[in-house]
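A short write-up of the structure that comes next.
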Amino acid sequence: MLKIQESHVQAILEHAYREHPLEACGIIATGRDGSQHRLIHMDNAARSETFFQFDPRQQLRVWQEMEDREETPLVFYHSHTHSRAFPSREDIQHAWDPQVHYLLVSTDSQSRGELRSYRIIDGRVSEEATRVLRGT
Numbered sequence: 001m002l003k004i005q006e007s008h009v010q011a012i013l014e015h016a017y018r019e020h021p022l023e024a025c026g027i028i029a030t031g032r033d034g035s036q037h038r039l040i041h042m043d044n045a046a047r048s049e050t051f052f053q054f055d056p057r058q059q060l061r062v063w064q065e066m067e068d069r070e071e072t073p074l075v076f077y078h079s080h081t082h083s084r085a086f087p088s089r090e091d092i093q094h095a096w097d098p099q100v101h102y103l104l105v106s107t108d109s110q111s112r113g114e115l116r117s118y119r120i121i122d123g124r125v126s127e128e129a130t131r132v133l134r135g136t
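Following UniProt numbering, the numbering of the sequence shown begins with 1 at its first residue and continues without gaps.
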C-alpha cells in the first residue's frame with residue numbers, strides 16, 4: 001500500500017495539469033527512517049505527450065542530493081495525457097526498481113484526475129491500494 005501525503009497528491013495533480021498535454025514526471029524521496037518525504041518535480045527531457053524521460057543532468061543532480069541527504073526514491077510518478085492511469089508497455093520496460101511505487105495520474109478528458117499506484121517487478125504489474133494522508 002502506498003501512503004501519500006495529501007499535499008503531495010495536490011502538487012502532483014497541479015504539476016500534471018500544468019504540463020498537459022505533455023507528460024509530467026517526478027519522484028518522492030524518503031529519508032532513511034521513512035518519516036520524511038520530499039516531492040521533486042523532474043523535467044521531461046522527451047517533451048512528449050506519450051512518453052517521459054527524466055532530464056539526465058537533473059537526474060544526476062537529484063540523485064546526488066538524495067545521497068547527501070541519505071534519501072532513497074519512494075515513488076516515481078508521471079502523467080498519462082491520452083489514456084487511463086495504467087502503465088504502458090514502455091512504463092513496464094523502464095520500471096527498474098522493485099522497491100519503488102509507480103504512481104500514475106491521468107489528465108485525459110475521459111479519466112481526468114485518476115490517480116493509481118502500482119508495483120512493477122520483473123515485468124509484472126500489480127495495482128496497490130493508495131491511502132491519502134489528510135492534513136499533511
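We put the CB at the ideal spot given by N, CA and C, even for glycine.
Since the structure is predicted, the reported quantities are computational estimates derived from the model, not experimental observations.
Who are the Cβ neighbours of residue 30 in its own chain at under 7 Å, not counting the five residues just before and after it?
Here residue 30 refers to the residue found at position 30 of the sequence shown. Once the five neighbours on either side are set aside, the close Cβ partners of residue 30 are 36, 37, 71, 72, 74.
Less than 8 Å between the beta carbons of residue 39 and residue 26, yes or no?
By one-based count along the sequence shown, residue 39 stands at place 39. By one-based count along the sequence shown, residue 26 stands at place 26. Yes, they are a contact pair.
Which residues mark the beginning and the end of the beta strand (DSSP E) in which residue 93 is found?
In the sequence shown, the residue the question calls residue 93 occupies position 93. Taken as a continuous stretch (DSSP letters only), residue 93 belongs to no beta strand (DSSP E), being part of the alpha helix (DSSP H) at 89-93.
Taking contact to mean at least 3 C-beta pairs separated by less than 8 Å, is the segment 17-26 in contact with the segment 42-58?
yes
Please look up how many angstroms separate the CB atoms of residue 106 and residue 85, rounded, as I've assumed it's under 8 Å.
The residue you call residue 106 lines up with position 106 of the sequence shown. The residue you call residue 85 lines up with position 85 of the sequence shown. About 4 Å separates the two Cβ atoms, so the contact holds.
Looking at the strands, I want to know which residues DSSP matches up with residue 98.
Within the sequence shown, residue 98 is the residue found at index 98, counting from 1. Looking at the DSSP assignment, residue 98 forms no beta bridge with any residue, so it has no partner.
What are the start and end residues of the alpha helix (DSSP H) that includes residue 131?
Taking the first residue of the sequence shown as 1, we reach residue 131 at position 131. Membership of residue 131 in any alpha helix (DSSP H) is not indicated; the residue belongs instead to the beta strand (DSSP E) covering 130-133.
Would you mind stating whether residue 132 and residue 9 have Cβ atoms separated by less than 8 Å?
Working through the sequence shown from its first residue, we reach residue 132 at position 132. Working through the sequence shown from its first residue, we reach residue 9 at position 9. In this structure, residue 9 lies closer than 8 Å to residue 132 by Cβ.
Buried versus exposed, by CB contacts within 10 Å (16 or more), residue 33:
Locating residue 33 in the sequence shown gives position 33, where the first residue counts as 1. Answer is exposed; the Cβ neighbour count stays below 16.
Return the residue from the list 65, 135, 90 that minimises the CA-CA distance to residue 78.
Stepping through the sequence shown from its first residue, residue 78 is reached at position 78. The candidate whose alpha carbon is nearest that of residue 78 is 90.
Just the Cα atoms here: how many angstroms apart are residue 55 and residue 94?
For this step, residue 55 is matched to residue 55 along the sequence shown. For this step, residue 94 is matched to residue 94 along the sequence shown. Distance between the alpha carbons of residue 55 and residue 94 is about 15 Å.
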